[in-house]
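Notes to accompany the following structure.
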Amino acid sequence: MSERNQIKKEVSCKVLQTNFLACKNRGISLDKIIHNIPYSLEYLTNKHERIEWKYFLKIMRNMGEYFDLNEFEDAGRLHITPGFYPEGILAGMIFFSSNKFSRILAKKVFEIGDMMITCIKHEIGFPSKNNIFVKLYLDNNYETCPEFFISIKGYWFELGKIIGHKNFRINFDLIEQGATYNISWEKEGVLFNIKKRLNWLFNMKGAFADLTESHEELIKQYNELDKSKRILQKQATQLKIVNHISKSIKQNLDLKKTLNQITLTLINDAEFTYAKIKLSKDVDENKFEIESISGEQNQSVKTIKKNIEINNTKIGELLIQPKINSYELEIEELLNYLLPVINITIHDALVLRAITDYKDNLETKVENRTYELKNAQEKLSKTVQLLKEAQQTQNRFFTNISHEFRTPLTLIMGPAEQIIKQSKNSRVIEEAKLIYRSAKKINRLTNQLMDISKIESGKIKLKTSKQNLISILDENISLFRSITERKNISMNLSNETNEIYIYLDRDKLDKIIGNLLSNAIKFTPVGGYVNIEIKNNILDKNFVPECTKNLEFVEIAISDNGIGIPKEKLDKIFDRFYQVDNNLNREYEGTGIGLSLSRELVELHKGKIIVESEEGKGSTFRIFLPKGKNHLLPSEIIDTTSFSKTQKDYDVEDLRIEKQMVDYITFEPNLLSSNNEKPFLLIIEDNTEVRNYIKKNLYDHFNICEAVDGEDGWEKAINIMPDLIISDVMMPKMDGFELCKKIKIDESTSHIPVIMLTAKATLEDKISGFDIGADEYIMKPFEIEELKSRINNLLQQRKRLHEHYKKHQLFDIVDQKISSIDQKFISKVLELIKNNISNSEFTIELLAENLAVSRSLLNKKLSALVGHAPGELIKRIRLNKAADLLKHKSGNVTEISFEVGFNNSSYFTECFKKQFGVSPTQFQKQNH
203 MSERNQIKKE
213 VSCKVLQTNF
223 LACKNRGISL
233 DKIIHNIPYS
243 LEYLTNKHER
253 IEWKYFLKIM
263 RNMGEYFDLN
273 EFEDAGRLHI
283 TPGFYPEGIL
293 AGMIFFSSNK
303 FSRILAKKVF
313 EIGDMMITCI
323 KHEIGFPSKN
333 NIFVKLYLDN
343 NYETCPEFFI
353 SIKGYWFELG
363 KIIGHKNFRI
373 NFDLIEQGAT
383 YNISWEKEGV
393 LFNIKKRLNW
403 LFNMKGAFAD
413 LTESHEELIK
423 QYNELDKSKR
433 ILQKQATQLK
443 IVNHISKSIK
453 QNLDLKKTLN
463 QITLTLINDA
473 EFTYAKIKLS
483 KDVDENKFEI
493 ESISGEQNQS
503 VKTIKKNIEI
513 NNTKIGELLI
523 QPKINSYELE
533 IEELLNYLLP
543 VINITIHDAL
553 VLRAITDYKD
563 NLETKVENRT
573 YELKNAQEKL
583 SKTVQLLKEA
593 QQTQNRFFTN
603 ISHEFRTPLT
613 LIMGPAEQII
623 KQSKNSRVIE
633 EAKLIYRSAK
643 KINRLTNQLM
653 DISKIESGKI
663 KLKTSKQNLI
673 SILDENISLF
683 RSITERKNIS
693 MNLSNETNEI
703 YIYLDRDKLD
713 KIIGNLLSNA
723 IKFTPVGGYV
733 NIEIKNNILD
743 KNFVPECTKN
753 LEFVEIAISD
763 NGIGIPKEKL
773 DKIFDRFYQV
783 DNNLNREYEG
793 TGIGLSLSRE
803 LVELHKGKII
813 VESEEGKGST
823 FRIFLPKGKN
833 HLLPSEIIDT
843 TSFSKTQKDY
853 DVEDLRIEKQ
863 MVDYITFEPN
873 LLSSNNEKPF
883 LLIIEDNTEV
893 RNYIKKNLYD
903 HFNICEAVDG
913 EDGWEKAINI
923 MPDLIISDVM
933 MPKMDGFELC
943 KKIKIDESTS
953 HIPVIMLTAK
963 ATLEDKISGF
973 DIGADEYIMK
983 PFEIEELKSR
993 INNLLQQRKR
1003 LHEHYKKHQL
1013 FDIVDQKISS
1023 IDQKFISKVL
1033 ELIKNNISNS
1043 EFTIELLAEN
1053 LAVSRSLLNK
1063 KLSALVGHAP
1073 GELIKRIRLN
1083 KAADLLKHKS
1093 GNVTEISFEV
1103 GFNNSSYFTE
1113 CFKKQFGVSP
1123 TQFQKQNH
C-alpha cells in the first residue's frame, strides 16, 4: 500500500497556494515557511497533492513568525483571485438576486471546502434573507489553528465585496475548536443597485458584478413592462436580442469575439441587414482601433449611426442598416434598448482585455522582479556570509590578542609583585608598583575590548537575578573610598530606603558603576564631591525602550563638580573611543571605551543612560533600569547562588592597588605537603616563560614535570600519574578543555585535581571549565600567591578526605565531593573486598585483575582517593568486619579471624590490636 493510502492526509495542497503567494508578496522565503516540514517545496506547490493537518498547522505557525492576525486575514482575501471568476459564479450573479445567490454560493463553498480540508466540519444556517450563520470546527483530537480560521474571515470579506452587498458585515468569534461567522448585509434597493453599477465602471473587479446587476435590472424592467403595458412581441424581441448579447459576455469575453457576436445577433435576431462596430479608444481613452462587420452594406438604404459610449465618453460607433420598409420609430426604440447592453458588453470586454494585458505585463514584471530579487538575495546572502566570517575573524582576533596580552602580563605582574614583596629599596618598590599598575590598566583595556567584541557579535547575554541594588552600590562605593580620601573628595550615597530589589546582571552592573565612579573621581578636583542618588518608582518613561513602556524604573544618578563636558561634545560622549580631551598633551588619561561599554551594558538591561553637564561646573550621569522581570527573556533570568562573585576588571587608581600590594606582602601560604616526599605536579603550558615562572615559584614544594601542549600533557598524565595538574586552556594540538574532559572521564586519571590556568576570562568560560570537571579556574594574569593558595586548598581538601576515611567507614563515599567515576571505582573496590572477605588468598593482584587495572595504578588511585594502599585497605576492611562480628558474638576469636580471611590467629590479634588499641578478646568484653 502506498504512503498516500497509509497516512490520512486531510489538507489539499491547493489550499497552501494563497498562503505561499502572501509570503512571496512580503518577500518571505518559502524555505523558512516550510521549515521542519517533511515535504519538498515542489510537492507542496503541486495542487493535486495532499498533506496531513499537523503539517498544515506547522506551516501556519511558521507564517505566524512573520504575520500578525490582521495580516492572516489579508492573506485569506487572496483565495479570491483578482481578474478571474468561475462561470458558475458569473451565472449566479446574472440569474439570481444577490441574497439568493449568497445562499447558493455559501453552500457551494462548503462543498468545495469539505474536499479541500476533510477534517474541518461546518454548520450553516440562514436566520434571515440578509443573514448567514456559519460555524467551522475541528474534532477534539485535532489541534486547532486560529490563524486558519482568521484567514477564512478574509475570504468571506472578499467574497462579499465581489457580490456587492450593502453594508456587508462579519461578526467573527474564535471558539474552543474553531470559529463562528455571523454574516449579514442590508436590504438593497434599486437606487443602491444603480449607484453600485456606476461605481463598478471604475472597478475592474466590479465589471462582472456590474453586468449581473444590469442584466437583473433589464429582466426587472421587462417584467414590469410585461405587467403594465402588455407589449408582447416587440418587447419580447427586444429582450431576446438583449439576452443573446448578454450571453455573449458569459460565453466569451474576448473582445474580437464579443464584437462579432454582437453584430451577428443584430443580423440574426433583430433582422438588420448590415451591422458594423468600430472602436477607436479603450477604457482609459487611449487610441485603439478594432472593428467587426456582419451582413452586406446596401448603398441605397440609409445607414443609422449610434455612438458607443463609456461614462458619457465616445469610444466608437455602431453602424446598422434595417430591412427595407422597417418602421423608423420601432428601430429607434429597439436601438434605445440595445445600446445600453451593447455599451456594457463592450465595456466589460475592454476591461477584460485591459486586465489580461495588465496581467501579462505584470507576470513579465514579476518574472523580471523575481529574477532581480533572486540575484539580490544571493548577493545579500553572500554579503551576510562575508559579514559573519568577518565577525568570526574579529572575534578570533580579539580572543587571540587577549590571550597574547594576558600571558605576558602574568610575566610582568608576577615578578613585579615579588619585587614589591621582597625588596627593601623604596625606590625599587615604587617603580615595581608603577609596572604593576600599568599592567593592570592593560589588562582592564583588554577586558573592555573583549566585552565590546562580544556585544557586537551578539554573544554577550544577560544573566540576571533578583538583587538588592542598594547593597551593590554600597560595595562599589567602598572600593573607591581610599582614593576619595586621598583626594579629599566627599562621596555620599543618598537613598530613600535600604532595599530596592530589581533583576540585574551583577557582573555587568559592577562594570557600569565602576566606570562611572572612576570617571567622576578622575575628573573631580581635590576637595570636590561625588554624589550617588537613588530614586525608586520613576514613571516618566518617554526616553526608554518600547518594550518597557509599562514598567516602573529605578534611577541611579552619579553627580560631580568636576571639569564638566562642553555642550558641543555631549552627544558624542558615549561614542566608542571618543575622548573629550583629545589633545596630544591631554591632562587626563583614558581610552574612550568605558562610557561606550557602559551604555551598551545599560541598554542590554533594557534601560537608558543619559548625561547632563556644564563645562566648569560638573556632570551628572543618570541610569534608568526597569523593575520587575516582564521585559526579560526566560533565558536571561538565572539562579546565581551557585556562582561566586566575579572579579571586577576596572581600575580604582593608585591607592587601591597599593593596598592590594600590602595584602600580598603579609600573605603566607600554608605548607603544601606535610610529608617528606614532595607531591608530583604536572605543568601543561605552551608558553615556555610561563612554565618556567610557575616552576621557579613551586619548585621547593613539588616534584615538577612539564608538557608543551595538550597531547603531550595527556601522555605524561597517564605515565606519571601526578598528584596535581596545572593546565593552560588555549594550546596547540589539544586545548585545555578537551584535555580536562579526557582526564576526568578516564578511570585511571579521574582522581587527579586539575587547575585551569587561562586567558579566557569570561564567566561563561569559567562555567564551561567547571562543567567539564575542572577543580579550580584561575584567570590570567594571575598572582603566584593565589595559585599557591588554590593548590594548597585542593591538597588540604584531599588530606581531610583521607582523615575522614581513617575515622569512619568507607561506605559513605557517595556523600563526599568526588567525581561520579571515582565513586563508582571505590564502590567496585569495596564490593570486591566484601565479596572476598573470607578468602585468605584474595590478594592485591587479584583485586587489580578484577578491576582491569595495573597494580601500580591501583596503588596510586587508592592512595590518592582514600589515603590507603590496596593491601592496607583490604586489611582494614577485614578488621572492621571482625570488630562487627565480635560485637555480635558471632564466634570465638579464632573462628572470626578465619571468617575475615586471616590464616594466623596470632597475626590477626596483632593487627586488630594495632588498629583498635585492644586485643580482640578485650574488644569483645568491652562491647557486652
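Numbers given in this note's numbering equal positions in the sequence shown, counted from 1, plus 202. Ideal Cβ positions, reconstructed from N, Cα and C, are used throughout, including at glycine. Every value quoted in this text rests on a predicted model; they were computed, and no experiment measured them.
Verify whether the separation of the beta carbon atoms of residue i and residue j is less than 8 Å.
i            : j            : result
residue 225  : residue 253  : no
residue 733  : residue 673  : no
residue 212  : residue 320  : yes
residue 358  : residue 372  : yes
residue 718  : residue 760  : yes
residue 926  : residue 881  : yes
residue 654  : residue 611  : no
residue 277  : residue 338  : no
residue 803  : residue 713  : yes
residue 978  : residue 945  : no
residue 1087 : residue 1098 : yes
residue 360  : residue 279  : yes
residue 986  : residue 899  : yes
residue 1081 : residue 1128 : no
residue 547  : residue 464  : yes
As a quick exercise: from the options, pick the residue whose alpha carbon is nearest that of residue i.
i            : options                : result
residue 886  : 1002, 925 and 931      : 931
residue 1079 : 263, 906, 1035 and 683 : 1035
residue 1069 : 809, 553 and 953       : 953
residue 521  : 219, 541 and 535       : 541
residue 1139 : 553, 799, 683 and 1120 : In this structure the chain extends from 203 to 1130, so residue 1139 is not present and cannot be described.
residue 161  : 809, 637 and 592       : As displayed, the chain neither begins before 203 nor continues past 1130, which places residue 161 out of reach and without an answer.
residue 928  : 904, 239, 487 and 884  : 884
residue 817  : 835, 806 and 768       : 768
residue 476  : 568, 1054, 497 and 539 : 497
residue 976  : 1002, 941 and 1000     : 941
residue 345  : 379, 375, 374 and 353  : 379
residue 810  : 757, 1000 and 608      : 757
residue 639  : 624, 652, 616 and 651  : 616
residue 839  : 251, 668 and 1063      : 668
Would you grab the beta carbon distance between residue i and residue j for me? Rounded to a whole angstrom, and I think it's under 8 Å.
i            : j            : result
residue 726  : residue 766  : Going by Cβ atoms, the distance from residue 726 to residue 766 rounds to 10 Å, so no, they are not a contact pair.
residue 491  : residue 502  : The pair is not a contact, with the Cβ atoms about 28 Å apart (cut-off 8 Å).
residue 222  : residue 247  : 7 Å
residue 1102 : residue 1123 : At roughly 16 Å, the Cβ-Cβ gap does not stay under 8 Å, so residue 1102 and residue 1123 are not in contact.
residue 913  : residue 936  : 5 Å
residue 1145 : residue 543  : Here the chain covers residues 203 to 1130 and nothing more, so residue 1145 does not appear.
residue 702  : residue 671  : 5 Å
residue 722  : residue 762  : 4 Å
residue 519  : residue 508  : 7 Å
residue 478  : residue 495  : 5 Å
On the DSSP bridge assignment, give the partners of residue i in chain order.
i           : result
residue 339 : 323 and 380
residue 330 : 333
residue 227 : Note: residue 227 sits in no beta bridge, so no partner.
residue 618 : Paired residues: none, contrary to the question.
residue 930 : 959
residue 979 : 958
residue 373 : 384
residue 733 : 694 and 761
residue 252 : 214
residue 753 : Residue 753 pairs with nothing; no bridge assigned.
residue 813 : 823
residue 585 : Answer is none; residue 585 lacks a bridge partner.
residue 908 : 885
Entirely enclosed alpha helix (DSSP H) segments - the segment 668-728, minimum 4 residues: Qualifying alpha helix (DSSP H) stretches, in chain order: 671-681, 683-688 and 708-724.
Where are the alpha helix (DSSP H) runs, 4 residues long or more, that stay fully inside the segment 1038-1064, in chain order? Entirely contained in the segment 1038-1064, the alpha helix (DSSP H) runs reaching 4 residues are, in chain order, 1046-1053.
At 3 residues or longer, what runs of the beta strand (DSSP E) sit wholly inside the segment 449-483? Within the segment 449-483, the complete beta strand (DSSP E) runs of at least 3 residues are 476-483.
If we require 4 or more residues per run, which alpha helix (DSSP H) segments fall completely within the segment 487-547? For the segment 487-547, not a single whole alpha helix (DSSP H) run of length 4 or above is found.
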